[in-house]
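Throughout, our numbering is defined as the position within the sequence shown, counted from one, plus 202.
Okay, so here's the structure we're looking at.
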Amino acid sequence: MADLEGIDAVLLDLDGVLYVEGELLPGADEAVKGLRDAGMALRFVTNTTANSRAQTLEKLRDFGIELEEDELVTPAALARRHCEDAGHRTVALIMNDEVKADFEGLEDADTDVDAVIMGDLGEQFGFHILNEAFRLVMDGAELVALQKNRFWLTADGLSLDAGPFVAAIEYATGKDAFVVGKPAAGFFEIVLADLGSDRDSVAMVGDDIETDIGGALDAGIAAVLVRTGKYREDFVRDSGIEATATIDSVAELPELLGS
Numbered sequence: 203m204a205d206l207e208g209i210d211a212v213l214l215d216l217d218g219v220l221y222v223e224g225e226l227l228p229g230a231d232e233a234v235k236g237l238r239d240a241g242m243a244l245r246f247v248t249n250t251t252a253n254s255r256a257q258t259l260e261k262l263r264d265f266g267i268e269l270e271e272d273e274l275v276t277p278a279a280l281a282r283r284h285c286e287d288a289g290h291r292t293v294a295l296i297m298n299d300e301v302k303a304d305f306e307g308l309e310d311a312d313t314d315v316d317a318v319i320m321g322d323l324g325e326q327f328g329f330h331i332l333n334e335a336f337r338l339v340m341d342g343a344e345l346v347a348l349q350k351n352r353f354w355l356t357a358d359g360l361s362l363d364a365g366p367f368v369a370a371i372e373y374a375t376g377k378d379a380f381v382v383g384k385p386a387a388g389f390f391e392i393v394l395a396d397l398g399s400d401r402d403s404v405a406m407v408g409d410d411i412e413t414d415i416g417g418a419l420d421a422g423i424a425a426v427l428v429r430t431g432k433y434r435e436d437f438v439r440d441s442g443i444e445a446t447a448t449i450d451s452v453a454e455l456p457e458l459l460g461s
């Protein structure tokens with residue numbers, strides 16, 4: 203495909219592309235090795251907010267996928283950078299305790315906060331927590347969302363992600379969240395700047411037609427959709443978004459890119 207000629211850097215989504223929950227997808231580790239052997243620069247980019255950066259690194263390495271720490275891009279790291287740039291020092295961290303470890307240096311508080319940072323709490327989300335976040339934002343705190351994914355694939359099927367809960371606070375307060383994860387333009391800008399690559403030499407690989415594929419295309423880079431993870435043909439069709447290429451799994455990626 204002409205649109206994928208000259209690709210020398212690849213952004214790989216994790217959950218749904220390389221693995222689903224605790225299982226490595228067939229051929230994913232070999233695909234990563236094939237891309238590296240071909241000299242591709244890689245970034246592992248995730249909207250996952252259920253695990254800390256250290257946990258995600260360990261998970262990938264346990265799967266036999268070798269990577270350097272700076273090759274992993276997480277929403278928590280970008281949110282922390284945003285807070286530091288904005289001068290936010292006291293924040294309310296709406297996320298599990300493991301991910302809170304990625305915000306070392308910021309004070310986690312319940313009152314008088316500069317920002318409310320929302321990640322994933324899964325089944326722990328409830329009226330009390332959402333109402334507390336609502337009140338803090340109404341009192342002037344900035345609403346920062348690690349991501350706004352609608353849903354994701356868990357071991358027992360599709361499940362609500364953090365996005366619907368972020369949207370509830372936005373609706374109630376009338377204030378838009380500052381979103382740091384995909385498909386936010388800033389997410390891709392930071393990754394591209396870190397890579398030092400031209401847009402026409404970068405491809406994003408993901409299973410989410412809106413977050414991964416739509417976000418990448420809006421950022422001016424090629425987008426490869428995989429039919430694994432949360433992929434649903436009807437959802438792709440209804441989205442109106444057309445990927446640069448669609449493959450059955452990441453195992454086909456090295457061949458697609460001619461590596």
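Glycine is no exception: its CB is placed at the ideal position from the N, C-alpha and C atoms.
Could you have a look at residue i and say whether DSSP puts it in helix, strand or coil?
i: Y373; result: helix
i: G359; result: strand
i: L220; result: coil
i: L419; result: helix
i: L394; result: helix
i: V382; result: coil
i: A230; result: helix
i: G408; result: strand
i: G208; result: coil
i: D239; result: helix
i: R401; result: helix
i: L459; result: coil
i: R439; result: helix
i: E444; result: coil
Determine the burial state of residue i: buried for a count of at least 16 other Cβ atoms within 10 Å of its Cβ, exposed for fewer.
i: M340; result: exposed
i: P385; result: buried
i: F246; result: buried
i: A421; result: buried
i: G266; result: exposed
i: P503; result: With the chain running from 203 to 461 in the structure shown, residue 503 is simply not present.
i: A204; result: The pLDDT assigned to A204 is 40, lower than 50, so where the model puts this residue is not dependable, and the model offers no usable value.
i: H290; result: buried
i: L360; result: exposed
i: T313; result: exposed
i: G408; result: buried
i: N253; result: buried
i: N249; result: buried
Residues bridged to residue i by DSSP?
i: E225; result: V222
i: F353; result: L362
i: I449; result: V428
i: F246; result: L214, L274
Is residue i near the ligand COA - that is, is its Cβ less than 7 Å away from at least one heavy atom of it?
i: L355; result: The ligand COA is absent from the structure shown, which contains no ligand whatsoever.
Next item on the list: Tell me, please, whether the stretch 350-366 touches the stretch 388-402 by the rule of three or more beta-carbon pairs shorter than 8 Å.
Entry: no
Note to self: Ignoring anything shorter than 4 residues, give me the alpha helix (DSSP H) runs that lie fully in the stretch 251-317, in order along the chain.
What the structure shows: 255-264, 277-288, 299-302
Check: Looking at C-beta atoms only, is the number of pairs between the stretch 367-379 and the stretch 309-324 that lie closer than 8 Å three or more?
Finding: yes
Note to self: Suppose only complete runs of 3+ residues qualify. What are the beta strand (DSSP E) ranges in the stretch 316-349, listed by chain order?
What the structure shows: 317-320, 344-347
Notebook entry, point to check: Can we say the stretch 333-350 touches the stretch 417-432, given the rule of at least three CB pairs closer than 8 Å?
Noted result: no
Check: Per the contact definition of three or more C-beta pairs closer than 8 Å, is the stretch 203-219 in contact with the stretch 432-449?
Finding: yes
Next item on the list: Please determine if the stretch 278-292 and the stretch 375-384 are in contact, where contact requires at least 3 C-beta pairs separated by less than 8 Å.
Entry: yes
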